[in-house]
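Peer 1: Mapping of the sequence shown onto our numbering: position 14 corresponds to residue 276, and the numbering continues sequentially without gaps.
No residue lacks a Cβ here, since even glycine has one placed at the ideal position from N, Cα and C.
Please see the structure below; I have some questions.
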Amino acid sequence: MTKQTVISARVDEAMLDDLDRIAAFHDRSRAWVIARLLQQAVAHELEYVELVEPALEDVAAGRLIPHEEVMADIKARLAARKAA
């Protein structure tokens, strides 16, 4: 089993009520609900990071396409599509 660590967070009463409602619905503990939601949030955020990091590396390395060039390409593609 993976080693687990206890963390804490401050939440307002409305959030606590929502967590308790979810816990009751699933017949689980508040801790189970929080861990599940945290896993989902972390997975989502990591997916975002993994999508953005390569772009940031391109920017840092100077691998950029000028805005004007991108817009010209888009306009050319749209014109070609209209002509077809």
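1) Please report the straight-line C-alpha distance between A322 and E330, rounded to a whole angstrom.
2) Between the beta-carbon of S292 and the beta-carbon of L281, is there less than 7 Å?
3) Taking just the CA atoms, how far does Q266 sit from L278?
4) Below 8 Å on the Cβ atoms is my contact criterion, and I expect A285 with V295 to pass it. Report the Cβ-Cβ distance as a whole number of Å.
5) Could you tell me the alpha carbon to alpha carbon distance between E312 and L326, rounded to whole angstroms?
Peer 2: Well, looking at it:
1) 20 Å
2) The displayed chain sequence assigns Arg, not Ser, to residue 292. Yes, the pair counts as a contact, with Cβ atoms nearer than the cut-off.
3) 22 Å
4) 5 Å
5) 19 Å
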